[in-house]
Amino acid sequence: MKFTAFDAADLAAFEPTAKVGLLATVNPAGLPHISLITSIQAKSTTQLMWGQFTEGLSKQHVRENPRTAFLILTMDRRLWRGKANYTHAVKEGDDYVIFNSKPMFRYNAYFGIHTVHYMDLVETGGRESLPLASIAGAALLTRVGILGDAMRYRAPKTPRVPQNWPLTPWGESLFNRLAGLKFIAWIGADGFPTITPLLQGVAADRRRIVFSPLAYGDELRAIPPGAPVAVFGMSMQMEDILVRGPFAGYRRIALTRLGAVDIDWVYNSMPPKMGQIYPPEPLTPVTDF
Numbered sequence: 184m185k186f187t188a189f190d191a192a193d194l195a196a197f198e199p200t201a202k203v204g205l206l207a208t209v210n211p212a213g214l215p216h217i218s219l220i221t222s223i224q225a226k227s228t229t230q231l232m233w234g235q236f237t238e239g240l241s242k243q244h245v246r247e248n249p250r251t252a253f254l255i256l257t258m259d260r261r262l263w264r265g266k267a268n269y270t271h272a273v274k275e276g277d278d279y280v281i282f283n284s285k286p287m288f289r290y291n292a293y294f295g296i297h298t299v300h301y302m303d304l305v306e307t308g309g310r311e312s313l314p315l316a317s318i319a320g321a322a323l324l325t326r327v328g329i330l331g332d333a334m335r336y337r338a339p340k341t342p343r344v345p346q347n348w349p350l351t352p353w354g355e356s357l358f359n360r361l362a363g364l365k366f367i368a369w370i371g372a373d374g375f376p377t378i379t380p381l382l383q384g385v386a387a388d389r390r391r392i393v394f395s396p397l398a399y400g401d402e403l404r405a406i407p408p409g410a411p412v413a414v415f416g417m418s419m420q421m422e423d424i425l426v427r428g429p430f431a432g433y434r435r436i437a438l439t440r441l442g443a444v445d446i447d448w449v450y451n452s453m454p455p456k457m458g459q460i461y462p463p464e465p466l467t468p469v470t471d472f
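Note that the sequence shown covers residues 184 to 472 in the working numbering.
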């Protein structure tokens with residue numbers, strides 16, 4: 184069921200910065216992008232706001248295309264998701280003061296919130312709980328499927344030259360951590376992104392993310408083969424990485440079915456310097472000081 188307003192009793196749960204807050208945006212090429220925005224919270228039952236303290240692609244995307252999706256996951260595993268339209272930003276006012284009064288920013292000697300952004304809620308599914316049993320089963324099936332028929336399932340062989348591998352060994356290990364969090368986003372027919380938890384996802388190798396659709400199956404099976412998708416991975420230490428590529432569809436492997444994302448783009452989402460990792464960008468001289 185979809186709602187056009189949050190339950191007023193849920194608003195306080197969004198306020199702590201100790202949570203997972205994600206914002207999915209659409210880049211100028213019409214491709215999905217996911218950013219970690221832990222400051223995102225509800226200003227009212229029909230409006231969201233979030234504070235900016237670093238520069239990144241999502242802040243550019245929302246000004247060009249206001250359609251977004253959001254996900255809020257609290258420390259007690261309560262989950263809210265939905266769609267919103269970006270409206271405007273301010274650099275002063277009561278909300279600016281509220282954000283900079285929070286401990287994460289008030290006592291930070293290096294940066295504070297410099298801009299507050301606002302979005303109007305379009306729809307939300309209301310409060311959810313993570314389906315832990317289904318996620319555990321999907322994670323087991325994913326790993327068993329890879330181990331049971333790895334050579335057949337993995338991406339076609341390419342020369343073992345470093346620049347031909349989208350993920351670094353560190354990136355591969357982050358996606359394969361048992362306690363890691365993963366999320367997938369794609370663009371729907373209405374032009375809005377959709378975010379779905381993908382905790383069962385793992386890196387089959389340094390070129391491909393695979394997953395069982397046992398958890399969130401209705402949503403994951405709705406992704407059209409060939410559609411561009413983004414997968415965001417993060418650790419409990421707030422390390423994170425974003426990859427993107429076409430959804431390769433589902434294959435039956437051994438006794439299960441696995442979906443796959445063929446990685447063709449990798450992005451570093453972590454401060455202080457966010458930017459594209461793969462394909463590698465050429466170095467250019469600095470001429471402006």
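Positions of the beta carbon are idealized from the N, C-alpha and C atoms, including for glycine.
If contacts are defined as beta-carbon pairs under 8 Å, then Ser218 and Gly234 qualify, I think. What distance do you get, rounded to the angstrom?
Counting from 1 along the sequence shown, the entry for residue 218 is found at position 35. Counting from 1 along the sequence shown, the entry for residue 234 is found at position 51. Going by Cβ atoms, the distance from Ser218 to Gly234 rounds to 13 Å, so no, they are not a contact pair.
Reducing DSSP to helix, strand and coil, say where Ser241 ends up.
Start at 1 with the first residue of the sequence shown, and residue 241 comes out as number 58. Reduced to three states, the DSSP call for Ser241 is helix.
Residues in its own chain within less than 8 Å of Pro199 by CB, not counting five upstream and five downstream?
The residue given as residue 199 occupies position 16 in the sequence shown. In its chain, beyond the 5 residues on either side, Thr257 and Met258 have a beta carbon closer than 8 Å to the beta carbon of Pro199.
Whole angstroms are fine: how far does the CA of Ala372 sit from the CA of Leu205?
Counted from its first residue, the sequence shown places residue 205 at position 22. Counted from its first residue, the sequence shown places residue 372 at position 189. Near 21 Å, if we compare the C-alpha coordinates of Ala372 and Leu205.
The alpha helix (DSSP H) that contains Leu403, what's its start and end?
Looking up residue 403 in the sequence shown gives position 220. Note, Leu403: alpha helix (DSSP H), Gly400 to Leu403.
Helix or strand or just coil, what does DSSP make of Trp353?
By one-based count along the sequence shown, residue 353 stands at place 170. Of the three classes helix, strand and coil, the one that applies to Trp353 here is helix, per DSSP.
Identify the continuous beta strand (DSSP E) that holds Val414 and give its terminal residues.
Against the sequence shown, residue 414 aligns to sequence position 231. Where Val414 is concerned, the enclosing beta strand (DSSP E) stretches over Pro411 to Met417.
Given Gly384, which residues of its chain have a CB within under 6 Å of its CB, disregarding the five upstream and five downstream residues?
Taking the first residue of the sequence shown as position 1, residue 384 is located at position 201. Around Gly384: Lys365, Ile392 and Phe394.
So which of Asn283, Ala362, Tyr433 and Tyr301 has the shortest CA-CA distance to Gly328?
Within the sequence shown, residue 328 is the residue found at index 145, counting from 1. Cα-wise, what sits closest to Gly328 is Tyr433.
Roughly how many angstroms lie between the CA atoms of Ala405 and Gly309, to the nearest whole one?
The residue given as residue 405 occupies position 222 in the sequence shown. The residue given as residue 309 occupies position 126 in the sequence shown. Straight-line Cα distance between these residues: approximately 21 Å.
On the premise that Gly416 lies in contact with Phe430, defined as a C-beta separation below 8 Å, what is that separation, rounded to the nearest angstrom?
By one-based count along the sequence shown, residue 430 stands at place 247. By one-based count along the sequence shown, residue 416 stands at place 233. Wrong, their Cβ atoms sit about 16 Å apart, outside the cutoff.
Trp448 versus Gly265, Met184 and Leu214, residue with shortest Cα-Cα distance
By one-based count along the sequence shown, residue 448 stands at place 265. Nearest neighbour of Trp448 by Cα position, chosen from Gly265, Met184 and Leu214, turns out to be Leu214.
I'd like the span of the alpha helix (DSSP H) that includes Ser284, first residue to last.
The residue given as residue 284 occupies position 101 in the sequence shown. Where Ser284 is concerned, the enclosing alpha helix (DSSP H) stretches over Asp277 to Ser284.
Are Met302 and Tyr269 close, meaning C-beta to C-beta below 7 Å?
In the sequence shown, the residue the question calls residue 302 occupies position 119. In the sequence shown, the residue the question calls residue 269 occupies position 86. It is a contact, given that the beta carbons lie within the stated cut-off.
Tell me the residue span of the beta strand (DSSP E) that contains Leu313.
Position 130 of the sequence shown holds residue 313. No beta strand (DSSP E) holds Leu313; DSSP gives it neither H nor E.
How is the beta strand (DSSP E) around Gly234 delimited, first residue to last?
The residue labelled residue 234 in the question sits at position 51 within the sequence shown. Unbroken beta strand (DSSP E) run through Gly234: Gln230 to Gln235.
Rounded to a whole number of angstroms, what is the C-alpha to C-alpha distance between Met184 and Leu304?
Locating residue 184 in the sequence shown gives position 1, counting from the first residue. Locating residue 304 in the sequence shown gives position 121, counting from the first residue. Rounded to whole angstroms, Met184 to Leu304 spans 15 Å at the Cα level.
Count the other C-beta atoms from every protein chain shown that fall within 10 angstroms of the C-beta of Ala191, then say buried if there are 16 or more, exposed otherwise.
Taking the sequence shown and counting its residues from 1, one reaches residue 191 at position 8. Flag for Ala191 reads exposed.
Who pairs with Met302 in a beta bridge, going by DSSP?
As a position in the sequence shown, residue 302 is number 119, starting the count at 1. Listed as beta-bridge partners of Met302 by DSSP are Leu231 and Tyr269.
Ala192 - DSSP class collapsed to helix/strand/coil
Locating residue 192 in the sequence shown gives position 9, where the first residue counts as 1. Judged by DSSP in its simplified three-state form, Ala192 adopts helix.
Beta bridge counterpart(s) of Phe430 as assigned by DSSP
In the sequence shown, the residue the question calls residue 430 occupies position 247. Residue pairing for Phe430: DSSP places it in a beta bridge opposite Val444.
Could you give the DSSP three-state label for Ala322: helix, strand or coil?
Within the sequence shown, residue 322 is the residue found at index 139, counting from 1. Ala322: helix per DSSP, three-state reduction.
Report buried or exposed for His216, applying the criterion of at least 16 other Cβ atoms within 10 angstroms of its Cβ.
Numbered from 1 along the sequence shown, position 33 holds the residue referred to as residue 216. By the neighbour-count rule (16 or more Cβ atoms within 10 Å), His216 is buried.
Hey, out of Ile460, Met419, Leu313 and His300, whose CA is closest to Asn359's CA?
Along the sequence shown, one-based indexing puts residue 359 at 176. Looking at the Cα atoms, Met419 is the closest of the given residues.
Inter-residue Cα distance where the pair is Ser356 and Asp277:
As a first step, residue 356 is located in the sequence shown; it is residue number 173 there, counting from the start. As a first step, residue 277 is located in the sequence shown; it is residue number 94 there, counting from the start. When rounded, the separation of the alpha-carbon atoms in Ser356 and Asp277 is 42 Å.
From the DSSP output, in three-state form, read off Arg246 for me.
Position 63 of the sequence shown, counted from the start, is the residue given in the question as residue 246. Look at Arg246 here: in three-state DSSP terms it is helix.
If the criterion is Cβ atoms closer than 7 Å, does the pair Thr229 and Ala272 meet it?
In the sequence shown, counting from the first residue as 1, residue 229 sits at position 46. In the sequence shown, counting from the first residue as 1, residue 272 sits at position 89. It is not a contact, given that the beta carbons lie outside the stated cut-off.
How many angstroms separate the CA atom of Arg440 from the CA atom of Val299?
Residue mapping note: residue 440 aligns to position 257 of the sequence shown, counting from 1. Residue mapping note: residue 299 aligns to position 116 of the sequence shown, counting from 1. Roughly 43 Å between the two C-alpha positions.
Would you mind sorting Val469 into buried or exposed? The rule is 16 or more other CB atoms within 10 Å of its CB.
In the sequence shown, counting from the first residue as 1, residue 469 sits at position 286. By the neighbour-count rule (16 or more Cβ atoms within 10 Å), Val469 is not buried but exposed.
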